[in-house]
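There are 2 protein chains.
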Amino acid sequence: MPRLRLALAQTNPVVGDLAGNSTQIMEAARRAWESGADIVAVGEMALSGYPIEDLAARPSFLRASRAAVEALATRLEAEGLGELVVVVGHPDGPFEPRLLGSSNAPTAIAQNRASVLQHGRVRAQYSKHHLPNYSVFDEYRIFIPGDELLVLRIKGVDVALVICEDLWRDGGPVNRVVKADAGLLLVINASPFERDKDEVRLPLVTRRAVENSAIVAYVNIVGGQDDLIFDGDSVIVDGSGSILARAPQWQPHLLVADLDVAAATLDELPEHVTRVTLDDPAPTTPPIGLDIATLPDDRQQLWDALVLGLRDYVGKNGFPSVVLGVSGGIDSAVCAAIAADAIGADRVYGVSMPSRWSSEHSRGDADVLAENIGFHYSVEPIAELVQPVEDQLALSGLAAENLQARIRGIILMAKSNMDGHLVLTTGNKSELSVGYSTIYGDSAGGFAPIKDVPKLLVWELARWRNEAAVARGEVPPIPRNSIEKPPSAELRPDQTDQDTLPPYEVLDAILDAYVSRNLGQEDVVALGFDPDTVDFVTQLVDRSEWKRRQGAIGPKISGMAFGRDRRLPITYRPTV
Amino acid sequence: MPRLRLALAQTNPVVGDLAGNSTQIMEAARRAWESGADIVAVGEMALSGYPIEDLAARPSFLRASRAAVEALATRLEAEGLGELVVVVGHPDGPFEPRLLGSSNAPTAIAQNRASVLQHGRVRAQYSKHHLPNYSVFDEYRIFIPGDELLVLRIKGVDVALVICEDLWRDGGPVNRVVKADAGLLLVINASPFERDKDEVRLPLVTRRAVENSAIVAYVNIVGGQDDLIFDGDSVIVDGSGSILARAPQWQPHLLVADLDVAAATLDELPEHVTRVTLDDPAPTTPPIGLDIATLPDDRQQLWDALVLGLRDYVGKNGFPSVVLGVSGGIDSAVCAAIAADAIGADRVYGVSMPSRWSSEHSRGDADVLAENIGFHYSVEPIAELVQPVEDQLALSGLAAENLQARIRGIILMAKSNMDGHLVLTTGNKSELSVGYSTIYGDSAGGFAPIKDVPKLLVWELARWRNEAAVARGEVPPIPRNSIEKPPSAELRPDQTDQDTLPPYEVLDAILDAYVSRNLGQEDVVALGFDPDTVDFVTQLVDRSEWKRRQGAIGPKISGMAFGRDRRLPITYRPTV
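Set out below in structure tokens:
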């Protein structure tokens, strides 16, 4: 059986940064060549970043992308890497629009492509067939689907090439390419992380490998891009379903493996399949070992995802530091810990902003948090800033409560304006779902680290993070008191969240059914919840859509988060 | 030639309000029957409202929609309207999902349908073939396309039925249905207003009528739904291209016309076309006159669109009133005038919030505006609210400027919390494009009436509105001084917008090219603009995406507005 050495390069692109992303690919190619690889593949759209959204409708961006592919091929050749086969994902165009729309709006003029580079040239191209258009994906909106299949012949082996969603369709392009007798299926992907997604993705890759008796090599990008987090986790599975190699999550990685691939036997090709015969590379081939990462447990994965989401948002947008309010409560404590893990405590600024209703323990818990983590810490009492506004406007009740939160928002934004910090807003998914927050108050900020983390999971992650610290012999970052005390907004005396909301055990379960699983009201009641509580919660959810639309983005970790993958009208009634 | 009396009912649905929308349709049907109509048609999704977005993924909502169609048929029969043929648009489902997605995200389980009701039953159904998925449209995401065609035989005439986008495709379902020899093409639509759209839509209807030698009857919904405004403008055009009837814009209307339709001659039908023979209604038929509305000029149309957008957002969301800051400047003056036209001056609350930098003329201009329009008016000086914050935090420069705007935001939100007003934010499209606003400050608010109106057009509309008042013998609402003085944020002494921004003539033209026409930087420069200015403006636009994402929604009036029909990443670089 012929042997191929394949490298999968899990890079961390920045959307639109064609030069920087090309450099990442160049470096991966050089390391792949030095590792003796015949082929190196990067992820879907690794050249442009993913998702490019409506940049795909800008002809100048597509022309620049195409030029960057050609420049990459030239540079590979110029730097002595011309023999190496490099498979790179990128947008291509502009092409004739796919649609004749009913307005002068942009229609799809781009394709989602993989280009195969060798000897300074684009030797072959494949365009994605299946364009996902659900959840966070909008590809059918921006891309023209391809309908041709591609097989690469190299060192006596046929390698079929497809892109992401193409792999997921039963009876899709993968089935047809199998008839072309490829021994290796190479799939380039931009597959965002979701909780428990590894329980879906790896079994799929395995199933495709086994049902086709072929090796499947799956390469993903890595990194945070706005609300998406790409976890990497690139993997190679053989025709018996065994993992041959697996990259770690959350970091750039070059996964190299020797593959014994069934020799190509077929000369005739099915319709719509093109075979391109490449030159056989002859790299030096020092022996290589197995490289199989193991995934950590669910909570570690989640924590790592949140950390990477924040780190890349800060880094890719060029913020020097972050600022957040620390109340002594669990949400801000967890956000501070994530921030310190992401960018280092010396780039984190915590501000305690006690009001006349802030309890002694709150101030104390915030002090302890600051001490544990070691971030920059300041105290800005708000009573004397609130009072003049409250007096002048004669505020009472909810208006007076919200005023306190908004003065805090002003303080954080002022510090951001003075020093360039990114403001973090510390609301969790449960609060956000029911609108239990003050708009322009505690919801003010550019990034919401735990936006997609329900309250019960916030506590669970806090406990886990502390245990992980203990296990490493470090100080647990989150004060025990912040974890154990009843949650409170402290906007009036003796307030707790449960004055307004059902217990979080009930709330989170109803939200899971109504928001994440998209059940109707009656279906939620049928699960056994109190009908009045369901009615109360679902009405809060529906009425909060406008507030969520005006909120910060934050990393998505669940199957259905607010934001891009749950799009509801603001003006609507009633709840069903 | 057989004669049909056709009624097109332009209703104003609320998304999700199946009961209220059904009642509107019932009332239209009763009036149609009393007017002697054989058939009445309402717009696309008139039963559910449009767009329903991801409500289409909720099985309980689809079941409720289907039940509402059946209930409507029953009610029509029960109330003596059973003979009348009623064509109603609605979502239907749940069906087997169209896609097997790569996650557990919802996939399309609904169809976009027209049901034909008679004698208490659903007699026939048509499912939309072409699902637009560009600009504000996401139909391919949420609907399963249909592939069957429908012809209704009634009074010896064949009536073909299609939905909205189906009409726009050359070689689409309309072409095929023509082979079925229909003499009347009935198209139900949910077609949002855009500036100059009447220059596209009517010519299309006319072209289809002429190329098929058939009458085309086009019925649209009307009303504001979040950022969309449906203008109505339903129309009937005969096979020679003449307008037989046309409904006014911006209001519910029942358009009734007698149509002499070519008799059906064909018995054989092409593949995938179903013919359903309906009972011939026998309404009393008093003679009717011609009903042909004329469209007003462009500025009146725009003004009416903005007024309706605000009125329906306020009304459908149940706000008692609106509050806005009035600075003496042009933007807030125009917003106040729109608000008063929309809901009456007695439901409008204007607040002047002078700072130490506010000029005498600003306060005076705000006073004059309040007097002209007659809204509730109060003055809340901010100097003594700003000072304590500025002192405690030692703010200067931009941070101190933004603080003033944020204190104003707090005042308006506090008034909203006390009295239930909707806060209007008064920024225009030019400012919003380049991020020339203070987040959580002047951008605070639930609705942005002129979000999609560039600055030059704000001035133009102000002048037009004043002229219209003079022509009607009314007091011009907008102070001349607000129109004529140089625009200023007044956050520091002697500030004007042009300290920071290029002249609005240049800015608006660059924004039109870069934002509305989606040209790249080099293409904009090639139009003759100064390269440094283009670079400056486009970088501001790109960097402001995060701020726009956290901003209020506002009515869309142009071909490409920010929001749903322009989706760009937040994290990206560089500008191309």
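Taken in sequence, the protein lines are chains A and B.
First residue of the first sequence? That's 149 in the numbering used here, and the numbers climb one at a time after it.
First residue of the second sequence? That's 149 in the numbering used here, and the numbers climb one at a time after it.
For every residue, glycine included, the Cβ atom is placed at its ideal position computed from N, Cα and C.
Keep in mind that this is a model prediction, so the values were computed, not measured.
Check residue i in the structure and name its three-state DSSP category.
| i | result |
| --- | --- |
| A/D446 | helix |
| A/I705 | coil |
| A/S578 | helix |
| A/L684 | The residue asked about is misnamed: residue 684 of chain A is Phe in this sequence, not Leu. Looking at A/F684 - three-state DSSP - the assignment turns out to be helix. |
| B/I631 | helix |
| B/A185 | coil |
| A/R640 | coil |
| B/N160 | coil |
| A/A109 | Nothing about residue 109 of chain A can be read from this structure; chain A reaches only from 149 to 724. |
| A/Q540 | helix |
| A/G492 | coil |
| A/S382 | coil |
| B/L472 | strand |
Please decide whether residue i counts as near chain A, where near means a Cβ-Cβ distance under 9 Å.
| i | result |
| --- | --- |
| B/G197 | yes |
| B/S388 | no |
| B/F209 | yes |
| B/S250 | Legend: pLDDT at B/S250 = 45, less than 50; position of this residue unreliable, value from coordinates given subsequently. At least one chain A Cβ lies under 9 Å of B/S250. |
| B/I559 | yes |
| B/M149 | no |
| B/Q643 | no |
| B/A253 | Confidence at B/A253 is low in this model, with a pLDDT of 49, below 50, so its placement is unreliable and the value that follows should be read with caution. True, the Cβ-Cβ gap to chain A drops below 9 Å. |
| B/I555 | yes |
| B/E192 | no |
| B/Q373 | yes |
| B/L334 | no |
| B/D408 | no |
Since residue i contacts residue j with CB under 8 Å, what's their CB separation in whole angstroms?
| i | j | result |
| --- | --- | --- |
| A/G702 | A/D600 | 6 Å |
| B/A596 | B/A518 | Between B/A518 and B/A596 the Cβ distance is about 21 Å, and since that is not below 8 Å, they are no contact. |
| A/A221 | A/V270 | 6 Å |
| A/G389 | A/I363 | That belief does not hold up - the Cβ atoms of A/G389 and A/I363 are roughly 11 Å apart, past 8 Å. |
Show which residues of chain A have a CB atom less than 9 Å away from the CB atom of residue i.
| i | result |
| --- | --- |
| B/N689 | Residue identity check: residue 689 of chain B is Val in the sequence provided, not Asn. Neighbours of B/V689 on chain A: none; closest Cβ ~12 Å, over 9 Å. |
Hey, is residue i's beta-carbon within less than 9 Å of any beta-carbon in chain B?
| i | result |
| --- | --- |
| A/E227 | no |
| A/G699 | yes |
| A/W505 | no |
| A/L730 | Nothing about residue 730 of chain A can be read from this structure; chain A reaches only from 149 to 724. |
| A/W694 | yes |
| A/R206 | yes |
| A/A157 | no |
| A/I705 | no |
| A/L154 | no |
| A/Y588 | yes |
Give the residues of chain B in contact with residue i, contact being defined as C-beta atoms less than 8 Å apart.
| i | result |
| --- | --- |
| A/Q540 | E528, E532, L533 |
| A/V537 | L533, I555, I558, I559, A562 |
If the cut is a Cβ gap below 7 Å, which residues of chain B does residue i touch?
| i | result |
| --- | --- |
| A/N465 | T719 |
| A/A212 | V724 |
List, in chain order, every chain A residue whose beta-carbon is nearer than 8 Å to that of residue i.
| i | result |
| --- | --- |
| B/E201 | R715, L716, P717 |
| B/Y584 | Those do not exist, as B/Y584 stays about 15 Å from chain A at its closest Cβ, beyond 8 Å. |
By the criterion of Cβ-Cβ separation under 7 Å, what are the contact partners of residue i in chain A?
| i | result |
| --- | --- |
| B/L543 | A562, M566 |
| B/A547 | A562, N565, M566 |
| B/L551 | I558, A562 |
| B/A594 | It should be pointed out that residue 594 of chain B corresponds to Gly in this sequence rather than to Ala. Under the 7 Å cutoff, chain A gives W694. |
For residue i, return the contacting residues in chain B, with the cut-off set at a CB-CB distance below 9 Å.
| i | result |
| --- | --- |
| A/Q259 | Here the premise fails: no neighbours, minimum Cβ distance about 16 Å. |
| A/E670 | S208 |
The ligand PLP and residue i: does any heavy atom of the ligand fall closer than 8 Å to the residue's C-beta?
| i | result |
| --- | --- |
| A/L414 | In terms of ligand content, the structure shown is empty, and the ligand PLP therefore cannot be addressed. |
To test your reading of the DSSP string, which unbroken alpha helix (DSSP H) runs of 4 or more residues are found completely within the region 203 to 264 of chain A? 207 to 226
In the region 325 to 364 of chain B, which residue ranges form an unbroken beta strand (DSSP E) of at least 3 residues, counting only runs that do not cross its ends? 332 to 337
Which residue spans inside the region 381 to 434 of chain B form an unbroken alpha helix (DSSP H) run of at least 4? none
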